[in-house]
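One structure below.
Residue numbers (our numbering), protein chains in the order written: chain R, 1 to 135; chain L, 136 to 600.
This is how it looks when you write it as structure tokens:
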């Protein structure tokens, strides 16, 4: 089976707090591959004044695979780790990337509590598992 | 009276089957649809198929809201993400850029049968694994490839007795919708409003250049600000304000203002102490409940799984739901009551949120309503403050006459107040300033004051007096 992925999709990460009221500059974004065949991929980005990263080009399967049912998965998946001092870290797994398509990944960061007596981590809002439909 | 359904500003989604003990998230209606569209179909499909699917997704969701399907059953959400009964929604997922632009264009359009207000219950399925009476997702791809338009694809599945309602009003946002497009050469109130709101957003997003002074004339400075806004928010970067850009600006502006408004509420609670004062539960009321609600409302602005609450001092169902959601999100036992452990956690979370905000955003810039209705004949310091606010606003909005700041509410002040009410589409007794009108005037003044601040890295070339 041919596992090469010659086509490319693009990813931009948008980091903010308070529902978009505050863009977050200087957050560190690490992008890694999630599939067999792209696990060696590793990109690092820092968010700009508007909380956005420069686009990252990422390999994806041929777009032709998505045009009819019954083909193998027509997208590649990637993982993200986002961190910024003073905020809970944020992780994304299984982020789908399609050939020729730009994906925008929103990252709402939550500031750390003032005193972390509990060490409780709001997991469901900081650890995202993405998926695509089974079309 | 609108003859169309009003699009909700936001929607609450249950992250599981209806009866499951899953969390709810509340998000803007366009963001919800962007997520559904990215979760239900492939972005590489032909555009006509994507559009047809999105019309169906919008209508399905609006039907749930219109009929109150879940709320009528006693649930505190509008829709679920269980595909057994509703549509796919993957909380926190990536959004495809092309899908995002289409949704920004049509999020306030929907399908219905002629003669009916109700949004169509637009059922759909993939059409290969599952077939149904309704749109077939894979079928729509074939029809699009045959050259059919979105409307033709939709009538193929839903019948010819189908109309698309375009540009329906959006709750709380649409009272000031301008004639589109606004572009270089446009003038008047709509341009003033655009400039004021862009400037206010630019205070939080310094890559957007300020328009100084805001003069109700759409010139090159305004074009540059619009372009910068469009670049940051994934809109077509053409410097022209159509429906997509305008609505996006309102949503971002609302997120920005929400924090200002919560902060100014906090100033009135300054006398309270954050010390735990005993367990709080439904039925309680008073200043400690108000303080609790204030903290929770602050958390709600930052954490999507915690719903906002009215800061009214009464511990009812809404407060209980917010407490439970907080406990679930932060890993505490979910009781709906506030014991010491929950109180301390809420307070520590709140402190952490406030500390993360630059100080300039936490300082109040306006004075709260003085508690006395102001009208023709009133005199005093409160009138003077009111006049100062209106004068700043009159300098930007050509339809509002300026007035002398003399602390006396005479015919001139009354005329300016009435002009403000008309310019901003406000109902209420003309010329009479109660709490609601005071807050509206103070809000625009805050926009101007904060919007005119130059921040670090701001586009150079002017000084703020």
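For glycine and all other residues, C-beta sits at the position ideal for the given N, C-alpha and C.
- For residue 463 (chain L), the enclosing alpha helix (DSSP H) has its first and last residue at 452-464.
- Nearest to residue 152 (chain L) by alpha-carbon distance, out of L:222, L:236 and L:300, is L:222.
- Here residue 279 (chain L) carries a helix assignment [DSSP, helix/strand/coil].
- Residue 293 (chain L) places its beta carbon 9 Å or farther from that of residue 283 (chain L).
- Excluding sequence positions up to five before and after residue 374 (chain L), its CB lies within less than 8 Å of the CB of 318, 319, 358, 359, 361, 362 and 365, all in the same chain and listed in chain order.
- For residue 90 (chain R), no alpha helix (DSSP H) encloses it; the enclosing beta strand (DSSP E) starts and ends at 90-97.
- Beyond the five residues adjoining it in sequence on each side, residue 328 (chain L) comes within less than 7 Å, by CB distance, of 311 in the same chain, given in chain order.
- Counting C-beta pairs closer than 8 Å gives fewer than three between the region 383-392 of chain L and the region 566-574 of chain L, which falls short of the contact rule.
- For residue 545 (chain L), there is no enclosing alpha helix (DSSP H), as DSSP gives it neither H nor E.
- Taking C-beta atoms as the reference points, residue 14 (chain R) and residue 125 (chain R) fail to come closer than 9 Å.
- Contact annotation: residue 6 (chain R) and residue 91 (chain R) have beta-carbon atoms that are not nearer than 9 Å.
- For residue 480 (chain L), the enclosing alpha helix (DSSP H) covers residues 475-490.
- For the 9 Å CB-CB criterion, residue 177 (chain L) and residue 66 (chain R) form a contact.
- Around the beta carbon of residue 147 (chain L), a 10 Å sphere encloses 16 or more other beta carbons of the protein chains shown; the residue is thus reported as buried.
- Look at the region 212-226 of chain L: the residues with a C-beta under 9 Å from a C-beta of chain R are 218, 223, 225 and 226.
- Burial is judged here by how many other beta carbons sit within 10 angstroms of a residue's own beta carbon; residue 272 (chain L) has at least 16 and is buried.
- Just measuring C-alpha positions, the residue of L:451, L:254, L:447 and L:276 sitting nearest residue 417 (chain L) is L:451.
- Residue contact with chain L for residue 18 (chain R): present (Cβ-Cβ distance below 9 Å to some residue of chain L).
- Closest option to residue 28 (chain R), judged by alpha-carbon separation, among R:73, R:69, R:85 and R:64: R:85.
- Taking 9 Å as the CB threshold, residue 164 (chain L) stays off the interface with chain R.
- Against chain L, the CB of residue 45 (chain R) has no partner CB under 9 Å away; the residue lies outside that interface.
- Taking residue 446 (chain L) as reference, the option from L:427, L:515, L:488 and L:459 with the minimal CA-CA separation is L:427.
- Between residue 196 (chain L) and residue 164 (chain L), the C-beta gap is smaller than 9 Å, which places the two residues in contact.
- In the structure shown, residue 217 (chain L) adopts coil according to DSSP, grouped into three states.
- Shown here for residue 504 (chain L): same chain residues with a beta carbon closer than 7 Å to its own, the five before and five after excluded, namely 570, 573 and 574 in chain order.
- Residue 232 (chain L) belongs to the set of residues whose beta carbon lies under 9 Å from a beta carbon in chain R.
- At the C-beta level, residue 96 (chain R) and residue 229 (chain L) come within 9 Å of one another.
- In the displayed model, residue 513 (chain L) falls within coil according to three-state DSSP, outside both helix and strand.
- Cβ neighbours of residue 378 (chain L) within its own chain (closer than 6 Å, five residues either side excluded): 315.
- The alpha-carbon separation between residue 286 (chain L) and residue 198 (chain L) amounts to approximately 19 Å.
- The beta carbon of residue 299 (chain L) is closer than 7 Å to those of 190, 244, 246 and 286 in its chain, skipping five residues each way along the sequence.
- In this structure residue 495 (chain L) is exposed. Its beta-carbon is surrounded by fewer than 16 other beta-carbon atoms within 10 angstroms.
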